[in-house]
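Chains as they are written, first to last, in this note's numbering: chain A, 1 to 71; chain B, 1001 to 1461.
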């Protein structure tokens, strides 16, 4: 779990995000989900901590075929 | 039947020393005997199998030969559409779903003259499992039924290890072919992204999804890939790249090949079995002895691949299931819901950064493969755990090492390396250049020979 995130704030963040997504999480499933979310949130920090400039292209930038099928 | 390779079955069928009907009856009898213990099948299509077999025998008698799978039994994971046969995704949400058309892969296997035995168990929607709250029980590992067979192509791995069939189709989004292959002691191929059409296979995460075979041997896999490979203009991920010859180089050995080992992937993992690592090192030594250059290489950290893949997978999976997650949350199994819901927590900037990272990781693997014909690494860091040892949450520290090549799309083959002291299979991955499955299979065949796995008998179930 990120150092500045307490279990309570982690849960609050998660509830906000899933509410935004329009999903109602059954309360009986919440405890295990929060365990998974804590682990996942730590992984997300690995992404968020990396600075890239505007030249970093995404993997799914695509290429349209030219007229007549030429490359 | 399962002791006879697909190629040998073909020779016997053409020599008239066996019939497809006989092979099919043997497979159906094996299902009746062992499937109550391993739960590999959701639906057994005995009537269809007998009809397929009768047609195959009649065609061969009349001089019509559809190729190496003609008359040979196979089975398909239950996320593949099969016309007129229910395709449930192992889920209450699709328990009554009966497609009207075949998936492209199912159609190709049928057109090749194979005999469809039935539909195989999976983790729900290829992610949620092993679970006991679904309409069908989870598959069990034939080497020890207290242990999981891996997932999500759990029924596929179990069906082969139980000696029911030599060919079972699976799907692989983060390791769902290679994981069960490693845990069940089978061969499992995730082809290059775009090599095999996914049309008609229920998606988990479309940019990471691959489909491919689990088989008893590398040769069986090569035969299956020869049938399955090819461009499908209707599958947006399908690549218009010529299909190779997957059988021609199988026995050429590894002399002169350069093989890299990204050792940090498994040497720095928080959980790993010394036996699994020792088996990889033994194979590496044997490959050197057979004339390959084998040396350690450096790739970005495993955590980078794992993070990238998990974020993309959960985000895409949630998007696919969003409507049902909102309207019918309790119709998902608990594990499935617990995993899919994490995708709702991915923000736009998170997915943007994951896609930036994906390009960097793909370029890094491509860069290393400019100097090597193949990479060798672990499939799973441990032999199959017991059901009661399997964590509920899907954690970053999971012992699979398969996600990197879903992220990058490179072909990857899991091949057994031997049995652990506890009698459970261990495996490794051979990874190759895009669309160079022929070299991956060639190295895999060498591993199969050098490890001695081809002489290991199936377990008694």
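Backbone N, C-alpha and C define an ideal beta-carbon position, used for all residues, glycine too. As the structure is a computational prediction, the values presented were derived from the model and not from experiment.
query                                                                                                                                                                                : result
Under 7 Å between the Cβ atoms of residue 1443 of chain B and residue 1408 of chain B?                                                                                               : no
Just list the residues that DSSP pairs residue 1258 of chain B with in beta bridges.                                                                                                 : B:1293
In the DSSP assignment, find the beta strand (DSSP E) that holds residue 1169 of chain B and state where it starts and stops.                                                        : 1167-1172
Indicate the three-state DSSP secondary structure (helix, strand or coil) for residue 1416 of chain B in the structure shown.                                                        : strand
Note down the Cα distance separating residue 1320 of chain B from residue 1279 of chain B, rounded to an integer number of angstroms.                                                : 39 Å
Give the residues of chain A in contact with residue 1350 of chain B, contact being defined as C-beta atoms less than 8 Å apart.                                                     : 44, 47 and 48
According to DSSP, which residues form a beta bridge with residue 1376 of chain B?                                                                                                   : B:1430
Would you call the region 1153-1170 of chain B and the region 1035-1046 of chain B touching, i.e. three or more CB-CB distances under 8 Å?                                           : yes
For residue 1439 of chain B, I'd like the list of residues in its chain whose CB is within less than 8 Å of its CB, leaving aside the five on either flank, ordered along the chain. : 1249, 1257, 1373, 1374, 1432 and 1433
Classify residue 1132 of chain B as buried or exposed, calling it buried when 16 or more other Cβ atoms lie within 10 Å of its own Cβ.                                               : exposed
Do residue 1112 of chain B and residue 1227 of chain B come within 7 Å of each other at the CB atom, strictly closer than that value?                                                : yes
Cβ closer than 7 Å: which chain B residues qualify as neighbours of residue 29 of chain A?                                                                                           : 1334, 1337 and 1338
How far does the alpha helix (DSSP H) with residue 1187 of chain B in it extend, from its first residue to its last?                                                                 : It is not in any alpha helix (DSSP H) - residue 1187 of chain B instead sits in the beta strand (DSSP E) that spans 1187-1190.
Taking C-alpha atoms, which residue in B:1288, B:1045 and B:1149 lies nearest to residue 1083 of chain B?                                                                            : B:1045
Over the uninterrupted beta strand (DSSP E) stretch that includes residue 1384 of chain B, give me the two end residues.                                                             : That residue, residue 1384 of chain B, is in no beta strand (DSSP E); it is neither H nor E in DSSP.
For the beta strand (DSSP E) holding residue 1225 of chain B, just list the boundary residues, first then last.                                                                      : Where residue 1225 of chain B is concerned, there is no enclosing beta strand (DSSP E), although the alpha helix (DSSP H) it sits in stretches over 1218-1228.
Please report the distance separating the alpha-carbon of residue 1417 of chain B from that of residue 1057 of chain B.                                                              : 37 Å
Closer than 7 Å, CB to CB, is residue 72 of chain A near chain B or not?                                                                                                             : Missing from the structure shown is residue 72 of chain A; chain A here goes from 1 to 71 and no further.
Using DSSP with H/G/I as helix, E/B as strand and the rest coil, what is residue 1274 of chain B?                                                                                    : helix
For the putative contact between residue 1170 of chain B and residue 1077 of chain B, defined by C-beta atoms under 8 Å, what is the C-beta separation to the nearest angstrom?      : 5 Å
When burial is assigned at 16 or more other CB atoms within 10 Å of the CB, is residue 1406 of chain B buried or exposed?                                                            : buried
Would you call residue 964 of chain B buried or exposed, if buried means 16 or more other Cβ atoms sit within 10 Å of its Cβ?                                                        : Since the first residue of chain B shown is 1001 and the last is 1461, residue 964 of chain B is not available in this structure.
I need the DSSP call for residue 57 of chain A, collapsed to helix, strand or coil.                                                                                                  : coil
Counting along the chain, where does the alpha helix (DSSP H) carrying residue 1196 of chain B start and finish?                                                                     : That residue, residue 1196 of chain B, is in no alpha helix (DSSP H); it is neither H nor E in DSSP.
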